[in-house]
Structure formats: structure tokens, C-alpha cells
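Structure, as C-alpha cells:
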Amino acid sequence: MKLYCLSGHPTLPCNVLKFKSTTIMLDCGLDMTSTLNFLPLPLVQSPRLSNLPGWSLKDGNAFLDKELKECSGHVFVDSVPEFCLPETELIDLSTVDVILISNYHCMMALPYITEHTGFMGTVYATEPTVQIGRLLMEELVNFIERVPKAQSASLWKNKDIQRLLPSPLKDAVEVSTWRRCYTMQEVNSALSKIQLVGYSQKIELFGAVQVTPLSSGYALGSSNWIIQSHYEKVSYVSGSSLLTTHPQPMDQASLKNSDVLILTGLTQIPTANPDSMVGEFCSNLALTVRNGGNVLVPCYPSGVIYDLLECLYQYIDSAGLSSIPFYFISPVANSSLEFSQIFAEWLCHNKQTKVYLPEPPFPHAELIQTNKLKHYPSIHGDFSNDFRQPCVVFTGHPSLRFGDVVHFMELWGKSSLNTVIFTEPDFSYLEALAPYQPLAMKCIYCPIDTRLNFIQVSKLLKEVQPLHVVCPEQYTQPPPAQSHRMDLMVDCQPPAMSYRRAEVLALPFKRRYEKIEIMPELADSLVPMEIKPGISLATVSAVLHTKDNKHVLQPPPRPAQPTGGKKRKRASDDIPDCKVLKPLLSGSIPVDQFVQTLEKHGFSDIKVEDTAKGHIVLLQEAETLIQIEEDSTHIICDDDEVLRVRLRDLVLKFLQKF
Amino acid sequence: MDPECARLLPALCAVLADPRQPVADDTCLEKLLDWFKAVTEAGSSLLLLQEHPCLVELLFHVLKPQDLSSRILSFALRLAGIFAAQENCFQFLQQGELLPGLFGEPGPLGAAAWAAPSVRSGWIQGLHSLAQHPSALRFLADSGAVDTIFSLQGDPSLFVASAAGQLLVRVLDLALRGPAEGRVCPQAWDWPACARKVVCHLEDCLRSEATPRVTQALHVLTTTFGHCRGLWTQGLWARLSPLVARLLEKDPVPAPHALVDLLLGVARSPVLSSDPGLWETAAQALSRLSPTQAGPLAAGILKLQDCPQALRIQAFGILLQPLAHVLEATAQAPGTPRLLEGAAGDLMAVDTFPPSRSACVGLLCSALAHLELLQPLPQRPSPWPQAPLLAAVVTILRFCNGSAAPSSEAGGRLCAMLVGCVRVQRAALDFLGVLSQGLGPQELVTQVFAILLEYLVSPDSSPTVRAGRAGVGRQLLGAWPARRPYRTTQGRLLAVLQKRLCSPCWEVRDSGLEFLTQMTRHWGGQGSFRQALLGSEVPELTRQLLQDPESYVRASAVAAVGQLSSWGLLTAPSSPEHPAVPQKTPLEELLLVLTTDSEGFPRRAVMRVFTEWLRDGYADVAEDPEQSVAPVLRAASRDLDWEVRVQGLELALVFLEQLLGPRGPSTAAPPGALTQALQALCRVQLFEFAFRSLFDCDRPVAQKSCDLLLFLKAKATPSGSQQEVGDGPNVASVEAALRRWQAGEQGQPLGELAPEAVLAVLRSMDLEALRDTLAESSDHVERSPQSLLQDMLATVGVLGDNEADCY
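Top to bottom, those sequences are chains A and B.
In this text, residue positions in the first sequence follow my numbering: the first is 1, and each later residue adds one.
In this text, residue positions in the second sequence follow my numbering: the first is 1001, and each later residue adds one.
Structure below.
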């Protein structure tokens, strides 16, 4: 069993598991942090961004000044943003049989895999994962395509040139594999390869293994996966949450008794408690709006935003904010808000019961009805007519490199009355803000990451007791910035095995058993013999029939019945040459008694020597040696077959036969 | 005994003796015993038994072999003990062979009833009661009871086992007190046989290998030395102390907690503490016991008034050790303050912290708690290591929030154990609060402020910790007002507070407001704070929180508004949208809360603020107190919440004091002032409120009102001759109204009242009697012995004639 690790990002995993005869890809996350190296794509012509000076080498050489621009001491690539793909060279991706998706954030690289690698298999995911994943992809494509950029920079990627660049460009990894965003056509084609599954549904893969999605509690439709054969069980835990938010709670019990547990997608901010962060979010929002400032919340169109809106729904009246407009701007805003209301079966119990009242499970429906929350596909069109300040705007993309958020950053960045509140943990807020410096706007970092923290992980591992834990190397040591925080790492026994990008891991367990069925008529013919209390044995002669990874023992073909005088044949002609079976032996030989027996049978001058593995009985007179070991007995005599047989029979007296 | 009880007693005894009529309620029997105890303490038991032969009959009845319930048997044993506590009564019962029957072999001891723990417990308690005189001692020795007590020490019922231990102490005291009286220190050979037997038993136990037996003996000795002050205890300790010291040589030391209790008990005994051997044993215990076990002993030693200096140093070292370890874990360079120097400091090489998280947390918390208790005591160790202690607490707090960088492997372990530990955080903050009463070096104080601010800024941490740090912040800031860091802290504090007041979590808003109130109370008069506060949005936010959906928050907002405005920090907000609309004054705003809020908490808070304002002479109220108080009293008198009404009367009392002078013995108000005051009181309609409250269904309201009227009466009495007002129509109507109110008809208003009429009514009312009636608890009737007897009889149906014929 091998694990090929194609992504170095612990929360955007992409691993390939070879298990029995199957090749299973676990998630295909897209690392978008690469876009932080690029200049933002402004929706409206931005004189500031277009007038940034080109960057030149220390010696004044300015051959890169078209590709690289400098802003407040940082250098950015002036090009269409590119993404860091999972490793494609480590394993031939056309051999991947299936892809299992655990949540909508972990499928963003899907079109790259399914459309450009010769992938022929099937993708499995739950319905909300697919629908919301589609929204995220649609939004991403839309954000990038609607600001066409003629220029595509590639010069800087040259390894020799990259070395000369300042950090972080200098340290960017695998830049040659960075790719532009996919098209909508590719998205549609990729999504058409997905087969929908439900929680606890058992899916057979070629009869060899069975895969099952389990609720992981992190997002709508998010799942962990169980991959099991008859005697082995691998659990894949990715992006799980034990907090009570909108999705169905996590199914922990089904993860028990795993041989291997692959653990990914833990919280990215282990020191921040989501509850307190929501509190911080609300307080800062209220303070800004009270002072007449605007609040900008860069966010994804689905996920935490549902919880934030719910929290604000309860909060705005008490905080005296009922007159403040809330805007949600995304090409998929409408679909996202509506989809969330129709996936009742994937929601937590509280929200499910609301559906039967009947009420919309999320209160944002009421916010929309009462005109407190308004949503728009973009800043163009209706929004510009309705726009009123001070206000709160939720919009993407959290990287601040594309999407409507770029416009609001340019618009509000100059006033210290305004605040940008970062709630998505995927991007470093300082790096995200770098191309907007100098910035007068207040910045608040309230990362809300509901995924498991290390305390919860250690409780989980104690409860489900996997034999081995495999996780990204980042989880096996404290964070580099807090090297003394030994509590911020996975702590389990035996220690977790770690992996990094482009590494192949041989998983530390051997398959020892295979299930074989016995046909009833064959089973009928068996006569087990009890050799020890509770243990019975029988010898089987059969034909092993293997098809679709299923093994069946069938009775050996019967000798054809004589059909006529002429064609009568000897029965033995048809049966393959079968030697007469010797009985199987078991038991051990007590040396002292054996020696006594030999003496009784007339052997004298017997010597016994102890060896490392057993004993040697020396019959000096007969010049014969009997070597008794745990699993073998040898009689070595000088070509005296009669003696050998005599001795053999004496040995056999001590052993059981069947 | 009153005649009614005497009349009911025979019937009751008959009921108790009748197995067919079980007493359902155990507490009745307990109350009955209490009553008998009170009766025998007041008079002669012998007389009581002679006058009420039914009691003796009851006791005899119990002796007969029959199917009595164990609780009655237990009751009888205890009752006999109470009677036999007096020597003449003891002899009386002895003559009837009653006592051997009850407490000796022929009694329940040998019977099946003994299996019930309540019977064993009753037997012990009975003996405990009767063991008061030499005859009792002889009885105990002759009847073999002492051996039974020994065996009961290991009883499966903890109550029985513990009572057996106490009875042994009683026996020992009784046996040794007598012969020892007047003599310096009796020697062992002088001891009565009974005492010798007990002491030998204790010696055996102390020598035993079985820890439970050792624990039993230690418990008995602890109680003995804790309660008995006779000189004989010296002899006892001299004889047993070698055995106790020997326990400390065992590995592991058996029953460490009981041993610590014993040593502290002995050390606290004025008779024994002069024994030098004691201090040696204590020192040995400190060094032999684990840090967790030795902690309470060390703390106890340090609290003693008088003990050798070397031992104190050793004990203090034990308490400081965990903190020293914490300091060591982060020490980057030499020169950082050390808690333990020399030999004690070298001990640090040994890892003192237990490996498990809970044990480590427990050790740190108990060390912090002990030091916290020690700090304010006059006998605390001197010099007090204020600076290293502050440094250690700061380090602990840093470990807890993950910001400390450990410098060793042990430190790393400590860090992982303490991160996010709420218990340690609270203990450390509490201790820091106490430490803040002393000073510290500038650099450390800066660190303290820094960590406190870090805690305040951090949104993570439980509300209790948050409340804790708010409290510490207040104490610190109060204690070190002149320090520089505090000024820079103020601005940041207010910024944090501002955010807290906007939190979606009501607990956070609430604790934020409480903190603001405390902070303002401390610093309201200080220029820099006033400036910072007025420049922030905090006052406006506080005002807005008067409309918070959560009633607790509204109540805290009321208190904060009260505090802010009494310092003039609640300026009318500038309203850019409606500049023409005049803003409400704080007074009006609070009055609005009082009259419209649906919950009790905010209304109670308003009443407290008004009372405080009036008492402290807050400007808006002081201008025209009558005008301010009148609407408040009107609203309070109609309030449905009794606490608001009590507070209303309290406000009226303060108002009255301001008109007539403070409360005190017979300081009558000058006539002119009185008349004016009465008129003012009539105008604010206080009397209707006060008179009505006299008959309030909530007793505290009635009591408060009674106090108020009594105060007024006292002020008015000497001037009574000024105007004799007879039973004019006004007075008659008032009295009629009062009678109706008393009868429960509350509808009728009192109407306009003249001061004269009020005075007349006051004089005619027996307020003192009313006060006494109100002072009696509402169940005083139900608690009388007569009622008890009646209740017991009623439950079994003897009292009534309603014995139905059942076919």
C-alpha cells in the first residue's frame, strides 16, 4: 500500500492511495496562495495600479520591468494570476481509477486533473459538494475572465532569473508548473465526470475495495471517506469539524478500528477559537459602522458566510445596526444563498427541523426579505443604484487579487474610517494587503476556521484508535513561528508518519488475509477435525476461481460419467494428476521421550545435542543423525532406507495426523 | 416543658413504641431529640423522667425483643444518652438496668438490628452524650464498650467510623481530664485503665502496616489535640510522637494527608507547641512528603504565630518551589530574579513537577492559593520575595496564553501542560491581585500590565478569567496609580473596552460594563482618564446599552451610566442627525428604565443608582432632591418586584436622613425642620408608600418600612407636644384605610395626607410590636415543639377522631 503525496498544502490536499489493485485519488485541492505574487485585477481602471514602477535588478538592468512591478517595497508579477497545481509527474494520473472529494474547497484543481492528464475514471462527491464546488469554480472563472489581461509573464519563471528576484518570488516553489485558470467549458466537462453519493453509501470499486463517505461536520456535504477491503480499513479524514455550525455533525464512530488514518485539513489557525473570532468580527463591524465607516469582508461565496449572516441576524438589532445595509456581491451570490436553503438533509438537526415547520433553515432568507441583506452579481448594474454608505460588503476573492473586492479595496483603502475584516484563513492577510499599501483603512484579522484543532484531534485519535496515523509534515512539529508550542502538533502513539509534497510513502501495514468464498457443495464435503479445543481443520481440494477481485473455491470437476461402452475411459484420464495426499502432521516431539523410545527399540549410544533451533539426536552406532527443529525434522542416515523408515515411523508416533 | 407538650407526650411515646405505626419522617425524630436536649440542658433530666414515666417506659419497651424499626431503636439509644448525661439521672437509669440493656451485650449489639448503620450510629451517639461523668467512664470500662468502639472505627459506614473516632476522643478526654486536673503532666502509669487501653490501641494502630488503621489513629489524635487543651495531652504526645515520627521514615509515607492534619493540629495546640521535638518532626515531614502533600503543611506552618525560623524558611521553600521551577523554565540568562537561593535553589535541578497534567496543574494552583492566603498575614515570611513572585506569576500567565518561550525541555513540557488552562489562569490572576497590594520594580510592573492587557485584548478565554483579569486590572490600577505604564495602558484599555461593549456575546458586554463601572469609580476624578474616556465612544456605547436585549446587560449599563454621570463623564451626546431634539438627562433615562423595563434587574439597578446619587449628593439630584425623588418613589411603590420596593424605601430613608439628620440614639429633629420635612414627605407621597408597605406580602419590604417609620417616629417624638391633633376625621380615615390594607384590601388609596395626621397615626401605631412580629421568621409557629408533637401525632392519625371503620 502506497501513498503518493501530490500537494504540500495541508488543508488543500491531493494524495493518491494505491490499495489492493485500485488507485484512488483523495481530494484535489488547488493551492491559490501562488496568486498572492501577482498584481490585483481591478474591475475598474486603477491609475494607481497601472502606474506602479517596473522592477529592475540591483545593477539597474530593467529587462523585467514589463513583467514585475514594485509596490511599497514588494515586487509583484503583472500578469494573469496563476495557480500552483498538484504534482503531475510523480505518478501517471491516467492510471487513477477514482477521485474521492471531501469538500468543495478540496476540488478546485479537478479540471486540471480530469481534463489534462488522460484521466479516465470516476469522481465521487456528495451533491452539495458538487453544487457549491461548481459555484466556487464559476466565481473563480468569472472573476478572472471578466478582466482580460493581454499580458502573460513567463520570463521571471526562468530558474536563473528567479534566483535574482527578491523574496517571496525567489522562494516560490515549482513556478514552472503554475497554470492559468481553467475555462468554464473545462469546469463543466470535469463536473460531468462526477457521480453523486450520499453519506454512508457503500460504493464498490472493482470488487476490490469499498469506499464510503461519512459526514465530517465542516461544510455542506463535506465528507470523510472510509476505504476498506474485507480485512483492511483506511480512513481518510479531511476538513472535519466538531463545532455546532450549519452542517450535519461529524460521524466519528465509523472511523473506529482503522489500520491507517490519513489526517488532513486541520484548522489553519489553531490558536484562534472560532466563537471568539465571530465575537471579534461583530464588535469590530459595529464599531466601524457606528463611526460612519464601511466594512469590507473578503470571503468565499459559501461556507462561513452563512454562519456570519446568521450571527449578524441575531446581532444587528441589539447593536442598533438595523438601518445599515449589508451587501453580498458575487457572480454566484444568488445561487449560493438559495442552494443553502434547499440542502436540508445535509444540515444540522436544528436546521433540518425548521424545514418541517416550514421555515427556511437559514435566517438570511429573512434578512433578504426585509431588505437588510441585498445581493448582486457584481458592482456593475443594480448595485451602483442601490449603493448606500456606511455599509457592510461581503465579496470575493479572499486573496484580494481578483473579484469585486479589488474595487472596494481601491475605493475604501484611503480612509481610516473603513475597516477590512479578514475571516477566511486561507491567505495571509498581510500578504493579501501588500499591493494595496500604503493603506489608511483599518485591518482586522478574525480568521474563522472551524476545522479540528490539535486538542480535538488528540481526543479523536484516542477515541477511534487507528493503528497508524499519516499526516502532512506540518502537523508533526510546532508551527515555525511558535516553536515552543508543543501542544500545536499531532500527538499520538505510535508517532504519526509524515509526508511532504512529491513524496511516496509506503504505508506501514501488510495485507495478510484475503477473503475467499467456498461454494456450498464444496463446503458440504468438508469434514473438519478438531485438533485443539475450538480449532478444527479440514483439507480442501478445489479450484480457485478469481474474477473481479472476488475469489471463489469451487469443487474440482467431477470425472465424466461413462456414457457408453465405446467411449469408456479410465476415470483417471480426466482428473489432473493428483498425488495421493499424505496426511498433514502437527505437534512437537518431546526429546526425552523420543530418546527413551529409541532405546526401547534397540538403539543405543544415543547422544543429544542442543542447537539454537532445537536438538540433534545422534545415533553413533548407526551413524545416523536426527535433527529436530520447530518446523522440521530431518533424518540423515547413510543410504539406509530401512533404518530411515523405521526411524520415521518412530518420529511419526509423536505427531498428530489428519 | 409547657403543659400542652406534657399532655401530648404519652401519646407520642405510645406511637413511637408501636411498630405498627412507623414514623415516616426521620427529621421529626431529629427535631424531637433537639428538643429533649434543650429541655434537659435547661433542667434536671431526673425530674423530667419522674414526671413523665412514659419516657422510661418507652426506653424499656425498646429493650423487649420485637420488630422495632431501626430508626426508633437508634432514637431510643440517643435519647437515653441525652438523659444519662446527668450523673443522677444516669444512676437512676442504671438502677433499672436500662443502660446495660441498651448499650451492653444484651442490647442491640448482639441483635440483628446491629446490621443497620443507623443503630450503630445511635449507639455511638448515645454513648457520646452520656460520657460526661466518672460514673459513665466506669460504665464504659465495665461494659466492654471500648472494644466495640475500636472495631467500629473500621465500620463500612463512614459516618459510623468517624463518630467512633470522636467517641474515642471523648473517652480519652473524660478518662484523663479527671486525674490530671491540677497536676503538671500525668505520667502514663497514673492513667486510668480505660485510657491506657485506648492509648495502647492507638499505638498498635500507628505501628500497623495497614494504612487504614494508621489513618484512623491519626484522625483520633488530630481530633484529640485539636479539641482537648488539658495538660494530659502533653503526656500523650510525648508518648506517641516517636511513633508518628517513625511513620515518616516509611516509604511511601502512609496516610500523608492525615499526618499533615495531625502535625498542624499539634502545632496549633497551645499546650503542645512548645515541644521542640514537634518542629523536628514537622521539618522531617516537609522533606519526606511530596510537594503536593507537603504544601498544606508548609502553608499551615507559615500561618503559625510562633515557630522556629529555620522551619519557616524550609516551609516557605516548599511553597515557592513550583513557582521557582516555572521561573527556571524560562530563565534565559543569569540575573533574572530567582525565588530560591542556595541549597533550596539547587533542589531545582530535580524536576519537581509531576508528569501528569492534572497533578501539575493542581500543584501550581495550590501553591498559588497558599501564597495568596499568606500574603496579607502579618506573620508572612520576611523578606517577602515580591519581585520574583511577580515575575513567576507573569511567567505562568504567559505560559497559559502560549506566549512564554521555555528555555529547557522541562519548560517545554510545562508549556504544553499550561497552555489554555483556565484553572491556573484564574489562580494566577487571583494571586496577582493580592500581590498588587505591594510594589514591584518598574520593569516588572510594565510586564504585568503588558500581560494583563494581552489577556484583555485576546478574545479567547473563558468569561470567568475575563472577569478575573478585570478585577485584577482594577486592583492593580488602583494600587499603582502613579506608575507610568498605567497611563499608556488607559488608552488601550478603553479601546478594548469599546470593542467588548459591542460584542455579540452578552456575557462579554456585561463584564465590560462592570469593568467600566469599577474603573470609573477608581479613576473618575483623574484628568488623564477623563480625557481618554471623553475622547472615546465608551460613554455613548454605555448609554446605548440601556436598551440591550439582555436584562443583565441593561442592569450593568444602568450601574455604569450612574457611575459615569456622577463623575460628569456622560455628556449629552452630540446628535448630528437631530441637533434640535434635546437629549434626555441621565436622570430621565434611568427613570424611563424604572418605569418601562419589563425585567427586575435593571429596575433594581436604577434604584441603587438613585440611592447612591442621593447619598453622595450627585449634582443633578442635589439641586432639587424632592423633585428628583418624588417620581422615583412613585414608580418604586408601584413596582411588582419586592427588591425594587425595598430599594425604594431605602431611598426614602436616605432622603429622610438628609432632611432630618442621620440615624442615631434620640436625636430629635428641630420642630421647624420636622414640619418642613413632613410636608415634603407628604408631597412626595412617601407615607402612602410606607404605610402600604407595612402590610406588604414580602416581609423584607414590611421590615424596611417599619424601620423607616420608626426612624421618623423617633425624630418626631420629642416634638409631639407641639401640635396635639386628636382623632380628627383625617386620622380616623387613615387608620381605617390601614385596617383595610391589613385585611388585604389594597384597592383603597389613602388620599391627601396632612403632616399632623401622619404624626398622630405614627404615635397611635405600635410599630415596635410590629417590628418584633416581623423579626420572627415566618415559620416560628411551625417550629415550636408543640407543633412538632402535634405533627408527629397527626401523621399517624392518633390526634384526630377520624379513625374510620374499615370493612
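By construction, the Cβ of each residue, glycine as well, lies at the ideal position given by its N, Cα and C atoms.
For M529(A), the uninterrupted beta strand (DSSP E) run begins and ends at M529 to K532, by DSSP. At a cut-off of 8 Å, the C-beta of Q1498(B) has a neighbouring C-beta in chain A. Distances from the CA of G29(A) to each of T22(A), Y313(A), D449(A) and A109(A) were compared; the closest alpha carbon is that of A109(A).
In this structure the region 223-237 of chain A does not lie against the region 272-287 of chain A, because fewer than three pairs of beta carbons, one per stretch, are closer than 8 Å. Listed by position along chain A, the residues whose Cβ is nearer than 9 Å to that of E1537(B) are L287, R290 and N291.
In the assembly as shown, D78(A) is a buried residue. Its beta-carbon has 16 or more other beta-carbons within 10 Å. For H615(A), the enclosing beta strand (DSSP E) covers residues G614 to L619.
The beta carbon of H484(A) lies closer than 8 Å to those of P478 in the same chain, with the five residues before and after it left out. The Cβ atoms of A1011(B) and L1793(B) sit closer than 8 Å to each other. In the three-state reduction of the DSSP assignment, K607(A) falls in the strand class.
Within the same chain, no residue comes within 6 Å of D1791(B) by CB-CB distance, once the 5 residues on both sides are set aside. Contacts between D1548(B) and chain A, judged by CB atoms closer than 8 Å, involve S318 in chain order. Assignment of M25(A) by DSSP, reduced to helix, strand and coil, places it in the strand class. One thing to note: A1652(B) has its Cβ no nearer than 8 Å to the Cβ of F1601(B).
Annotation: the continuous alpha helix (DSSP H) that includes E115(A) extends over L110 to H116. With contact defined as three or more Cβ pairs closer than 8 Å, the region 394-401 of chain A and the region 348-363 of chain A are not in contact. Note on geometry: alpha-carbon atoms of R1530(B) and E1650(B) lie some 31 Å from one another. Following the DSSP letters along the chain, one finds Y231(A) in no alpha helix (DSSP H), marked with neither H nor E. For H484(A), the chain B residues whose Cβ falls inside 7 Å of its Cβ are A1405, P1406, G1412 and C1415, in order along the chain. One finds nothing in chain B with a Cβ atom closer than 9 Å to the Cβ of S335(A); even the nearest lies about 28 Å away. DSSP places Q1490(B) in the helix class (H, G or I) of the three-state scheme. At a cut-off of 8 Å between C-beta atoms, N284(A) counts as an interface residue with respect to chain B.
With contacts defined by Cβ atoms closer than 8 Å, P213(A) and S223(A) form a contacting pair. Here P358(A) is exposed: its Cβ has fewer than 16 other Cβ atoms, across all protein chains shown, within 10 Å. S536(A): not part of any alpha helix (DSSP H); member of the beta strand (DSSP E) spanning I535 to L537, first to last residue. Contact annotation: in the region 455-489 of chain A, residues whose CB is within less than 9 Å of a CB in chain B are I455, Q482, S483, H484, R485, M486, D487 and L488. For the region 270-351 of chain A, the full-length beta strand (DSSP E) segments reaching 3 residues or more read 295-298 and 326-329 along the chain. Here L553(A) carries a strand assignment [DSSP, helix/strand/coil].
By the rule that beta-carbons nearer than 8 Å mark a contact, C1365(B) does not touch chain A. Residue-level contact by beta carbon holds for Q1544(B) and chain A, with a gap shorter than 8 Å.
When the Cα atoms are used, L242(A) and M1607(B) turn out to be separated by approximately 45 Å. The residue from E1688(B), Q1658(B) and S1287(B) with its alpha-carbon nearest to that of L1674(B) is Q1658(B). Look at T177(A) here: in three-state DSSP terms it is helix.
In terms of beta-carbon proximity, G1402(B) lines the interface with chain A, with at least one pair separated by less than 8 Å.
Annotation: the continuous alpha helix (DSSP H) that includes H1061(B) extends over P1053 to L1063. Note: K354(A) is not bridge-paired with any residue in the DSSP secondary-structure output.
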